[in-house]
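Quick note on numbering: the sequence shown equals residues 1 to 308 in my numbering. Beta carbons: idealized from backbone N, C-alpha and C, even for Gly. Down below is the structure, laid out as structure tokens.
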Amino acid sequence: MPGLLAARLAGAVFVLWAVATITFFAIRLIPGDPAEAILGGPGSQTSPEALAAVRARYGLDQPVVVQYLAQLGRLATGDLGRSYALRQDVAPLLVGQLGGTLLLAALALVVAWLFALVLATWSTRGGRFAWYLGSGLEIVAAALPHFWLATALIVLFSVWLGWLPPISTPGPAGLVLPVLTLAVPLAGFLGQIMRESLLTALESPFVLSARARGEGDRGVRWIHALRHASLPAISLSGWAFGSLISGAVVVETIFARPGLGRTMLNAVTVRDVPVVIGVVMIVAVGYILMTVLTDLAQWIADPRLRRR
């Protein structure tokens with residue numbers, strides 16, 4: 001166990017370093033002058049003196065390598081820096097936006113799991129028609145782009161039916177469309193994996209033994225087969241949670257919902273490097289924590305791992 005924890009910690013440090021490095025240099029590749037973006041963009045007609053003052057204040061007049069090392073030094077001490085555009089510390093700014101994005105991603109993951117469970121169990125016991133229909137629905141759902149699905153849901157539930165608000169308002173009603181936009185494509189992906197795993201589990205010797213002991217079809221499916229069939233989907237939930245936070249950039253923008261996604265989009269627009277790196281680091285940390293939690297969930301669900 002100590003060796004496993006040490007390996008996990010080393011891997012987490014490497015991932016965070018790689019994420020910070022890639023993000024820093026990717027932002028630098030965006031055309032334009034960061035100092036000019038801070039002062040309002042190319043149309044702001046800023047004087048050379050003001051540009052020089054901004055460069056000196058934020059260290060933008062230093063070589064890129066020096067700026068990179070300074071950024072790593074701040075991150076190593078837990079300092080996310082100060083926003084270029086908003087003139088405030090990045091850490092409290094992102095903490096204020098974190099709750100909404102985590103709630104959105106967590107609800108979407110739960111809803112995706114429910115949809116995947118229903119599709120997988122129904123399509124494996126409803127005959128050939130249910131199999132083909134469930135498989136087709138999973139493929140179509142997994143292929144839907146978030147921006148297209150969000151637009152379709154707004155037209156259907158907000159414009160035609162008038163049931164839900166087109167933008168994310170406070171309260172449960174404002175969460176329905178953003179959660180569905182994130183959950184439906186993920187449900188299609190998880191459903192495909194779970195259905196194939198469920199079919200394999202239903203043909204396994206332990207299921208045949210359970211049937212021989214006189215257990216009914218419902219007990220065999222829900223107690224024995226589905227428990228083993230969910231293991232591959234559980235292992236992918238860490239990646240899925242990270243993808244949901246990434247998808248929140250599009251969803252929060254379309255539904256005008258405050259969160260990390262909109263904050264990051266605005267920061268990229270003005271080349272606010274500390275904010276962009278801060279958001280990416282939070283997402284990376286969340287991904288690492290979810291990976292550890294999924295490993296723990298697999299350990300709980302699979303007795304073979306505990307015996308090892």
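> Quick one: what's got a C-beta closer than 6 Å to GLY261's C-beta in the same chain, skipping five residues either side?
Replying inline: Within the same chain, Cβ atoms closer than 6 Å to the Cβ of GLY261 are found at ALA248, VAL249 and GLU252, the five residues on either side in sequence being excluded.
> Who are the near neighbours of LEU107 in its chain, counting only those whose CB is closer than 6 Å to its CB and skipping five residues on each side?
Replying inline: Around LEU107: VAL179.
> So ILE288 packs on ALA20, CB below 8 Å; how close in whole Å?
Replying inline: Contact between ILE288 and ALA20 is ruled out by a C-beta separation of about 13 Å, above the 8 Å threshold.
>> Please state the DSSP three-state secondary structure of ASP89.
In response: In this structure, ASP89 counts as strand in the three-state DSSP scheme.
> To which residues of the same chain is VAL111 closer than 8 Å at the C-beta, ignoring the five residues directly before and after it?
Replying inline: Correct list, in chain order: VAL179, LEU180, ALA183 and ALA187.
> Are PRO185 and LEU144 closer than 9 Å when you measure CB to CB?
Replying inline: Cβ distance < 9 Å, so PRO185 and LEU144 count as in contact.
>> Let me check one thing: in DSSP terms, what residues is ARG82 bridge-paired to?
In response: Looking at the DSSP assignment, ARG82 forms a beta bridge with ASP89.
> How about GLY238 and THR294: are their beta carbons less than 9 Å apart?
Replying inline: Cβ distance < 9 Å, so GLY238 and THR294 count as in contact.
>> In chain order, what are the residue ranges of uninterrupted beta strand (DSSP E) at least 3 long that sit wholly in the segment 130-217?
In response: Taken in chain order, the segment 130-217 contains no complete beta strand (DSSP E) segment of 3 residues or longer.
> Does DSSP put GLY378 in a helix, in a strand, or in coil?
Replying inline: It is not possible to answer for residue 378, since the shown part of the chain is limited to 1 through 308.
>> Please classify ARG257 as buried or exposed, where buried requires at least 16 other C-beta atoms within 10 Å of its C-beta.
In response: It is buried - the Cβ of ARG257 has at least 16 other Cβ atoms within 10 Å.
> I think VAL90 touches LEU102, with their Cβ atoms under 8 Å apart; what is that distance to the nearest whole Å?
Replying inline: Taking 8 Å as the upper bound for CB-CB distance, VAL90 and LEU102 are not in contact here, some 17 Å apart.
>> Buried or exposed for VAL155, going by 16 or more other Cβ atoms inside 10 Å?
In response: Burial call: exposed.
>> Nearest by alpha-carbon distance to VAL54: which of PRO63, PRO34 and GLN67 is it?
In response: Nearest to VAL54 by C-alpha distance, out of PRO63, PRO34 and GLN67, is PRO34.
>> Taking the alpha carbon of LEU16 as the reference point, which residue from THR291, ALA297, VAL285 and MET290 has its own alpha carbon closest?
In response: Out of THR291, ALA297, VAL285 and MET290, VAL285 has the C-alpha closest to the C-alpha of LEU16.
> In whole angstroms, what is the alpha-carbon distance linking TRP113 and ALA26?
Replying inline: Their backbone Cα atoms lie some 34 Å apart in a straight line.
> Hey, quick one: how far does the alpha helix (DSSP H) through SER246 stretch, first residue to last?
Replying inline: 237-254 is the span of the alpha helix (DSSP H), which, as asked, contains SER246.
>> Going by DSSP, what residue range makes up the alpha helix (DSSP H) through ARG57?
In response: First-last of the alpha helix (DSSP H) with ARG57: 48-58.
>> Starting from VAL66, trace the alpha helix (DSSP H) in both directions and tell me its first and last residue.
In response: First-last of the alpha helix (DSSP H) with VAL66: 64-76.
> Smallest Cα separation from PRO148: which of VAL280, ILE254 and GLY136?
Replying inline: The identity of residue 148 in the sequence shown is Trp, whereas the question assumes Pro. Residue nearest to TRP148 within the set VAL280, ILE254 and GLY136 is ILE254 (criterion: CA-CA distance).
> When you compare only the Cα positions, how much space is there between LEU175 and TRP163?
Replying inline: Their Cα atoms are separated by approximately 13 Å.
> Should PHE241 and ALA70 be called a contact, given that it needs their Cβ atoms to be closer than 9 Å?
Replying inline: No, they are not a contact pair.
> So is ALA18 buried or exposed if we call it buried at 16+ other beta carbons inside 10 Å?
Replying inline: Burial call: exposed.
> By Cβ distance, which residues of its chain are closer than 8 Å to LEU60, with the 5 residues on each side in sequence left out?
Replying inline: Cβ neighbours of LEU60 within its own chain (closer than 8 Å, five residues either side excluded): PRO34, ALA35, VAL54 and GLN67.
>> Using 8 Å for Cβ pairs, my map puts ARG8 next to VAL292. What's the rounded Cβ distance?
In response: Confirmed, Cβ separation roughly 7 Å.
>> Can you give me the C-alpha to C-alpha distance between SER246 and LEU202, rounded to a whole angstrom?
In response: So the alpha carbons of these two residues sit roughly 35 Å apart.
>> Taking the alpha carbon of VAL95 as the reference point, which residue from ARG128, LEU296 and MET281 has its own alpha carbon closest?
In response: Comparing alpha carbon positions, the residue from ARG128, LEU296 and MET281 closest to VAL95 is MET281.
>> Taking the alpha carbon of ALA297 as the reference point, which residue from LEU265, THR269 and ARG227 has its own alpha carbon closest?
In response: Checking every option, the nearest Cα to that of ALA297 belongs to ARG227.
>> Nearest by alpha-carbon distance to ASN266: which of TYR84, LEU119, GLU49 and ILE139 is it?
In response: Looking only at TYR84, LEU119, GLU49 and ILE139, the smallest Cα-Cα distance to ASN266 is reached by TYR84.
>> Please report the distance separating the alpha-carbon of SER158 from that of PRO166.
In response: Each residue's alpha carbon lies about 6 Å from the other.
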